[in-house]
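Protein chains in written order, with our numbering: chain A, 1 to 316; chain B, 317 to 589; chain C, 590 to 934.
Here a beta-carbon is modelled for each residue, glycine too, at the ideal position from N, C-alpha and C.
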Amino acid sequence: MLAPVQDTSNETRLARARRLRDVEERRTRRFLLAPALLVIGIFGLFPLTISMLYSILTPGTYGGVTWKLSGEAYLQFLFERDIFDGSLSLSSTYLQIYGRSIGLALVATIGALILGFPTAYFIASKPREQRNIWLFLITLPFWTNLLIRTYAILLIIRDEGIINLGLMSVGVIETPLNILYTDGAVFIGLIYSYLPFMVLPLYASLEKLDFKLVEAAYDLYANRFQVLRRIIIPMAKPGIVAGCILVFIPGLGAYITPELLGGGKKLMIGNMIALQFGSSRNWPFGSAAALILMVVVMAALLIYVRNAGKQGAHHG
Amino acid sequence: MVDLSFRRRRMQDLRKQPGFDQIAIACMFVLYAPIVVLVVFSFNDNRSVVRWTEFSFRWYAAAFGNDGIRNATLVSFQVAAFATFFSVIFATMAALATTRTPAFRGQTAAYAIINQPLMVPEIVTAVATLSFFAILKRLTGVTGIGYLMVAHTVFCIPFAYMPIRARLEDMNLSLEQAAADLYATPLRVFWRVTLPLLLPGIFAGAMLAFVVSLDDVIITLLVAGPGETTLPIYILGQIRRGITPEINAVSTLLLGLTLIFVTLFFFLGRKRT
Amino acid sequence: MTRKRHRLTPVVVAMGLLAGSPVLAEGKLNIYNWGNYTSPELIEKFKAEYDVDVTLDGYDSNETMLAKVKEGGTGYDIVVPGDYMIKVMIGEGLLAEIKPNEMENFKNLDPKWVDVWWDPGRSYSVPWQWGTTSFTVDTAVYKGDINTLALLFEPPDELKGRINMLNDMNDVINAGLRYLGYERCNGNVEELKQVTELLLNAKQHWRTMDYSTIEKLTSGDVDLSQNWNGAAMRAREQRPTLQYAYPKEGFTGWMDNVAVLSDAPNMENAKLFVNFIMAPENAAMISNFARYANGIKGSEAFMDEAMLSAPEIVMPADAPTPDFVQPCPQETVDLYNKIWTRLKQ
Chain A
1 MLAPVQDTSN ETRLARARRL RDVEERRTRR FLLAPALLVI GIFGLFPLTI SMLYSILTPG
61 TYGGVTWKLS GEAYLQFLFE RDIFDGSLSL SSTYLQIYGR SIGLALVATI GALILGFPTA
121 YFIASKPREQ RNIWLFLITL PFWTNLLIRT YAILLIIRDE GIINLGLMSV GVIETPLNIL
181 YTDGAVFIGL IYSYLPFMVL PLYASLEKLD FKLVEAAYDL YANRFQVLRR IIIPMAKPGI
241 VAGCILVFIP GLGAYITPEL LGGGKKLMIG NMIALQFGSS RNWPFGSAAA LILMVVVMAA
301 LLIYVRNAGK QGAHHG
Chain B
317 MVDLSFRRRR MQDLRKQPGF DQIAIACMFV LYAPIVVLVV FSFNDNRSVV RWTEFSFRWY
377 AAAFGNDGIR NATLVSFQVA AFATFFSVIF ATMAALATTR TPAFRGQTAA YAIINQPLMV
437 PEIVTAVATL SFFAILKRLT GVTGIGYLMV AHTVFCIPFA YMPIRARLED MNLSLEQAAA
497 DLYATPLRVF WRVTLPLLLP GIFAGAMLAF VVSLDDVIIT LLVAGPGETT LPIYILGQIR
557 RGITPEINAV STLLLGLTLI FVTLFFFLGR KRT
Chain C
590 MTRKRHRLTP VVVAMGLLAG SPVLAEGKLN IYNWGNYTSP ELIEKFKAEY DVDVTLDGYD
650 SNETMLAKVK EGGTGYDIVV PGDYMIKVMI GEGLLAEIKP NEMENFKNLD PKWVDVWWDP
710 GRSYSVPWQW GTTSFTVDTA VYKGDINTLA LLFEPPDELK GRINMLNDMN DVINAGLRYL
770 GYERCNGNVE ELKQVTELLL NAKQHWRTMD YSTIEKLTSG DVDLSQNWNG AAMRAREQRP
830 TLQYAYPKEG FTGWMDNVAV LSDAPNMENA KLFVNFIMAP ENAAMISNFA RYANGIKGSE
890 AFMDEAMLSA PEIVMPADAP TPDFVQPCPQ ETVDLYNKIW TRLKQ
């Protein structure tokens, strides 16, 4: 640091105080960030580096890798060596799998938001002492195992399941709806599995909603929709973003739900990558495919954070 | 008095948005429908979780006599409790550092690192962590369930971080400033003002972390050592041979126990206030 | 063990104690087997007989087990790999040469399981259980001859859209190769092209591709499912019109084998266990629990009546010999992988 010029004027003293505060702030920040960054740095980034390494090596016989550099894994993602003549051509196989997974995760995110927002709002508008109970009730179903829950969903939506039997007995439909083993079933399963990931962050930010603002808006003759759009949703924005991230990203890698409810006839990103570490015995390609996914998701997220940061600065 | 209650009612009413209550109730209904099915099938006499025959307590007896399930349940809860506790502390600290401050150098990087466990598909993290832990084990000679707990803590951090951060964002600094103006030390301000304001976020984060840890399959499958089978791994192993309602029985018991605890907790808390 | 002890600092010892590490592994045995595949009574009996504390963990696939074992330091003593995986693991030096063929109970082993290609002469492993992978059909739905793979690939009308295939690259492609009369582990591009077309064509008639065959069949979601014989037996117990097929084109045989890891912390106990399971009454316990045959002579005397007469376990005399498929070279696996990805695109 530069030696401060001795000056007794108020301005410099203020500047010095500010600098001191900055130094202290930085120290506090470092202290606060250290544990999370350290733990993830060691136990998250190290493994990540290992998988980066894997992605540029050659597949080992029977899984694993051999220490020979190769870019084949990345090439394989976009191009296909023809099975029959070995020539390279642009291939959409993997892009298609990615596209389907992204689409499904996106739809599930929107679905979860549409269901989750009113639910979180409902909880946040309950009297204070009841809120934790409601929150707990939302997460309680998830204490039971995913697989068992998925089987239960399967029983509900099958051809002779509760929904179809119910609808048929009321006379709404005559032949059972074919829900199970379709994309629709996967969609239902994903929303179900990730609903708390949406509700909890939403609740965390809705809970601090100041209803005086709402009241003031009504006093200014705003209608309910305007209040929702102009006051409630903007205030809940951090929660919406957090919830969407927590549903979308795990949804992309979902594994068991698409397999069980979708019938397993189509590959999703998660299954495709897992396959490479299993019977396909191609760890480099599995790593490469995962890293590509990570880069895409991370880039989208960072662009968002940057923009949000700028916006925040404007407000401040 | 009259005026107040009128005001109160009006407030309650104003909070309502058309259709929201109905959607929320429908949501709860949908969330619990599979749970009801699951509980019903725990009383199924048949060896199947998809075909009902008749009522029986058979699978409860079986679950009680099954060491494998008992151990797996215990391990699951131990690991989840550990991971939740530490991930929530770390995530709260990190959230305090990354929100409500003017932009600082490395902020984006910090954000990216914290969310990294979320970004990489689990199987890749699992395989890479397996290699990493094997190296650690060779270097230190230490084995045990600690590795599994740490691995869970890592992927729980972003799940705990997100709701806490969402809570903190846009939260008013004025209360804390007021406390500071009254010469409260920063630590005091934190304990007395910031933390209570943060609690709903922390609670939400803890719930998420717990559920995520409890349900993890792939990382656990590859990282767990002898005697460290969790419930999801136990169940995964059953798929090829057919899942039995034993699991339903265990789940039902767990649900029942939790419900009892929560109810007790709720009424005790009520008495106090 | 000794090398490790030199390096241990007091801190590490303390941590090891806390974590229950195999540093103090007297009287222990850690078994890593397929999930829900080990008879609890068998374990109880072994515990009582040898005063050994046993932990049992489950895996879901040979590949998961291999990935863990390859990294070393798992702490497990016993694993139960499939036939091809035994060959792979011997090749990689992961299994200890425990010489079961010199053990007391080796005389009980059925001679036809001694000189197997995955472990000739049995220097590393002994049979756990063996079975076949074929398919099960509901004979109330389809009345014709079920012993043909045509039901999977060119199904009659009543089975269209009512079929579950295993979600397993090798099982599906091998069935296709057999149907067309081609060799397994086939690198012949022209033949694989035909298989690809066959599979792509047949896929429209398949409802699902999933491992949970018992649930699929008993719930009535499908009327035909690719299946393992033990699972087929369990499914039939709940849906009696099901019948297990022995297709004339051939079908897969497999054997899971008990082996000891080369870095097993409890080598002596592991050997005791290997010898232990070759006793007929113990082998029968395994079969009674998991519903597959075991390869030990004389175990029939201790087996459940239901198993001795089960058509899934006792193969008819005119059925083709099961085909134990060798591990394929990497180039072939890459081709299979491409076919599989295209099939599930």
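From the DSSP output, in three-state form, read off residue 173 of chain A for me. coil
Can you name, in chain order, every residue of its own chain whose Cβ lies under 6 Å from the Cβ of residue 167 of chain A, other than the five neighbours on each side? 173
Spatial neighbours of residue 256 of chain A within its chain, please: CB distance less than 7 Å, with the 5 preceding and 5 following residues excluded, ordered by chain position. 146, 147 and 150
With a Cβ-Cβ cutoff of 8 Å, do residue 535 of chain B and residue 471 of chain B count as a contact? By the CB criterion at 8 Å, residue 535 of chain B and residue 471 of chain B fall inside the cutoff.
With DSSP run on the structure shown, which of helix, strand or coil describes residue 400 of chain B? helix
Determine whether the Cβ of residue 280 of chain A lies closer than 8 Å to any Cβ atom of chain C. yes
Residue 225 of chain A to residue 10 of chain A, Cα distance in whole Å? 52 Å
Name, please, each residue of chain B whose Cβ falls closer than 7 Å to the Cβ of residue 284 of chain A. Going along chain B, no residue has its Cβ under 7 Å from residue 284 of chain A, so there is no contact; the nearest lies around 11 Å.
Start-to-end residues for the beta strand (DSSP E) that takes in residue 257 of chain A: No beta strand (DSSP E) contains residue 257 of chain A, which is instead part of the alpha helix (DSSP H) from 256–262.
Within 10 angstroms of its Cβ, does residue 427 of chain B collect 16 or more other Cβ (buried), or is it exposed? buried
Neighbour flag for residue 758 of chain C against chain A, beta carbons, 8 Å: Interface residue, yes.
Report the rounded CA-to-CA distance for residue 37 of chain A versus residue 357 of chain B, giving the unit in angstroms. In this structure, the straight-line span from the alpha carbon of residue 37 of chain A to that of residue 357 of chain B is close to 45 Å.
Hey, is residue 810 of chain C's beta-carbon within less than 8 Å of any beta-carbon in chain A? yes
Look at the Cβ atom of residue 459 of chain B, then the Cβ atom of residue 624 of chain C, and state whether they are nearer than 8 Å. no
Scan the stretch 874–933 of chain C and note each continuous alpha helix (DSSP H) run of 4 residues or more that stays entirely inside, going in chain order. Complete alpha helix (DSSP H) runs here, min 4: 894–897 and 919–932.
Here's the rule I'm using: 16 or more other beta-carbon atoms within 10 Å means buried, otherwise exposed. How should residue 369 of chain B be labelled? exposed
May I ask you to list the residues that DSSP assigns as paired with residue 507 of chain B? Paired residues: none, contrary to the question.
Please classify residue 30 of chain A as buried or exposed, where buried requires at least 16 neighbouring CB atoms within 10 angstroms. exposed
Counting only beta-carbon separations shorter than 8 Å, does residue 25 of chain A have a partner in chain C? no
Taking all protein chains shown into account, decide if residue 580 of chain C is buried (16 or more other Cβ within 10 angstroms of its Cβ) or exposed. Residue 580 of chain C is absent from the structure shown; chain C starts at 590 and stops at 934.
What's the C-alpha gap between residue 735 of chain C and residue 522 of chain B? 55 Å
Residue 2 of chain A versus residue 505 of chain B: straight-line alpha-carbon distance, rounded: Unreliable positioning characterises residue 2 of chain A in this predicted model, as indicated by a pLDDT of 48, which lies under 50. The coordinate reading is nonetheless provided below. Answer to the nearest angstrom: the Cα atoms are 33 Å apart.
Any beta-carbon of chain B closer than 8 Å to the one on residue 899 of chain C? no
Interface residues of chain B facing residue 141 of chain A [CB-CB closer than 8 Å]: 347, 348, 350 and 351
Only counting runs of 4 or more residues, tell me where the alpha helix (DSSP H) segments fall wholly within the stretch 731–811 of chain C, in order along the chain. 739–742, 758–768, 778–792 and 802–808
Helix, strand or coil for residue 180 of chain A per DSSP? Three-state DSSP puts residue 180 of chain A in coil, outside helix and strand.
Which residue from C/800, C/886 and C/858 puts its Cα closest to that of residue 871 of chain C? C/886
Run through chain A and tell me which residues come within less than 8 Å of residue 470 of chain B, C-beta to C-beta. 39, 40, 43 and 44
Checking the sheet assignment: what are the DSSP bridge partners for residue 844 of chain C? C/719
Going by DSSP in three states, residue 212 of chain A sits in which element: helix, strand or coil? helix
Residues near residue 58 of chain A by beta carbon distance below 7 Å, same chain, minus five either side: 65, 66, 68, 70 and 284
With DSSP collapsed to three states, give me the class of residue 369 of chain B. In the structure shown, residue 369 of chain B adopts coil according to DSSP, grouped into three states.
Exposed or buried, which one is residue 610 of chain C when buried takes at least 16 other CB atoms within 10 Å? With a pLDDT of 40 at residue 610 of chain C, under the threshold of 50, the modelled position of this residue cannot be trusted; read the value that follows with caution. When all chains shown are included, residue 610 of chain C counts as buried.
In angstroms with no decimal places, state the Cα-to-Cα distance between residue 837 of chain C and residue 737 of chain C. Going by C-alpha positions, residue 837 of chain C is about 6 Å away from residue 737 of chain C.
Please report whether the beta-carbon of residue 367 of chain B lies at a distance below 8 Å from any beta-carbon of chain C. yes
Euclidean distance between Cα positions of residue 231 of chain A and residue 649 of chain C: 51 Å
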